[in-house]
Amino acid sequence: MGRILYDISQDYMGVIQKSRLFSGIEPDEANGMSKCLEITFREYDKEEVIFNEGDKISKIGMVIQGNVSIEKADYWGNRHIMTYVSAGEIFGEAYACSNDKTSNVEVVAADKCIVAFLDTYKVMTVCSSSCQFHSKLIHNLIYMLADRCVVMNEKITHLSKRSTKEKVLSYLSARAAKCGSDEFDIPFNRQQLADYLSVDRSAMSAELSRMKKNGEIDFRKNHFIIKCRDKQ
1 MGRILYDISQ DYMGVIQKSR LFSGIEPDEA NGMSKCLEIT FREYDKEEVI
51 FNEGDKISKI GMVIQGNVSI EKADYWGNRH IMTYVSAGEI FGEAYACSND
101 KTSNVEVVAA DKCIVAFLDT YKVMTVCSSS CQFHSKLIHN LIYMLADRCV
151 VMNEKITHLS KRSTKEKVLS YLSARAAKCG SDEFDIPFNR QQLADYLSVD
201 RSAMSAELSR MKKNGEIDFR KNHFIIKCRD KQ
């Protein structure tokens, strides 16, 4: 459940104000809206569960410090990391805004983190003053929900590939296109990338080494260069 924080740092509100959810909303208006939205803050230890699979989700979470992982476990307990959520990003919004509200994933603190929770009903309902900033907040949430669908569709494209190499190249190609360059950084370490693509880490690392040896790609840690697109 995490520990409720009552001593709220102005830095926490700074993260909220700079987030995509509050894009286009003035800082003083964001501060004024915090009470209207009934924002609460909780602190979680590493690997502490924030939402369990099967929980009814009524609040949108926003990471303030640290990172959380969205995970899915199969019948035998094998875990698959669907994505990571960092400071300023939200999670649980699709479930919180749905009619059913039942989560089919588990949200876990990837490291020690602080999370802000916004009451979904308060977010989706324009306050009595009908301020333009609240309407902007609702528009931002809709855009973020749409973007999340695009991201998940992109991931499905990667996972639909048959081999580890095809999955890796599909991801790297999409990342290069998004960055607008054949040289780019990825937001994952090797284990996180393997979890994201649902492949064995050792097999993926071996495939990366082969592609590097063959001159198809080059990399150092999370920095990659696609060198020969015709070999994909």
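The sequence shown begins at 1 in full-length UniProt numbering and counts up one residue at a time.
All C-beta atoms, glycine included, are put in the ideal place defined by N, C-alpha and C.
Over what stretch of residues does the beta strand (DSSP E) that includes residue i continue unbroken?
i, result
"residue 126", "Element bounds for residue 126: n/a, residue is neither H nor E."
"residue 62", "59-65"
"residue 97", "No beta strand (DSSP E) holds residue 97; DSSP gives it neither H nor E."
"residue 185", "183-185"
"residue 29", "Looking at the DSSP string, residue 29 is not in any beta strand (DSSP E); the run it does join, the alpha helix (DSSP H), is 27-36."
Looking at residue j and residue i, is the spacing between their C-beta atoms short of 7 Å?
i, j, result
"residue 21", "residue 214", "no"
"residue 172", "residue 133", "no"
"residue 55", "residue 98", "no"
"residue 106", "residue 26", "no"
"residue 19", "residue 88", "yes"
Which residue marks the beginning of the alpha helix (DSSP H) containing residue i, and which one marks its end?
i, result
"residue 164", "164-179"
"residue 77", "It is not in any alpha helix (DSSP H) - residue 77 carries neither H nor E in the DSSP assignment."
"residue 44", "Premise fails: residue 44 lies in the beta strand (DSSP E), 40-44, not in any alpha helix (DSSP H)."
"residue 15", "10-18"
"residue 150", "132-159"
As a quick exercise: from the options, pick the residue whose alpha carbon is nearest that of residue i.
i, options, result
"residue 120", "62, 32, 220", "62"
"residue 85", "70, 165, 205", "70"
"residue 16", "115, 190, 167", "115"
"residue 192", "4, 80, 56, 2", "80"
"residue 122", "202, 39, 9", "39"
"residue 198", "74, 8, 97, 107", "74"
"residue 160", "125, 9, 196, 147", "196"
"residue 72", "26, 51, 58, 65", "51"
"residue 182", "227, 65, 46, 27", "227"
"residue 108", "92, 101, 100", "92"
"residue 95", "136, 60, 5", "60"
Residues in the same chain with beta-carbon distance under 6 Å from residue i, minus the five sequence neighbours each way, listed in chain order, please.
i, result
"residue 232", "Below a pLDDT of 50, predicted positions are generally treated as unreliable, and residue 232, at 43, falls in that range; the measurement from the model is reported next regardless. Same-chain partners within the cutoff: 169."
"residue 230", "Caution applies to residue 230, whose pLDDT of 49 falls short of 50 and renders its modelled position unreliable; the value that the coordinates give is listed next. So the list is empty, once near-sequence residues are dropped."
If I measure Cβ to Cβ from residue i and keep anything under 7 Å in the same chain, skipping five residues before and after, which residues do I get?
i, result
"residue 236", "Residue numbering for the chain in the displayed model covers 1 to 232; residue 236 lies beyond these limits and cannot be assessed."
"residue 184", "175, 176, 224"
"residue 281", "Residue 281 falls outside the range modelled here, since the chain spans only 1 to 232, and no answer is possible."
"residue 205", "190"
"residue 194", "200, 201, 204"
What does a CB cutoff of less than 8 Å around residue i pick up in its chain, not counting 5 residues either side in sequence?
i, result
"residue 222", "185, 186, 187, 188, 189"
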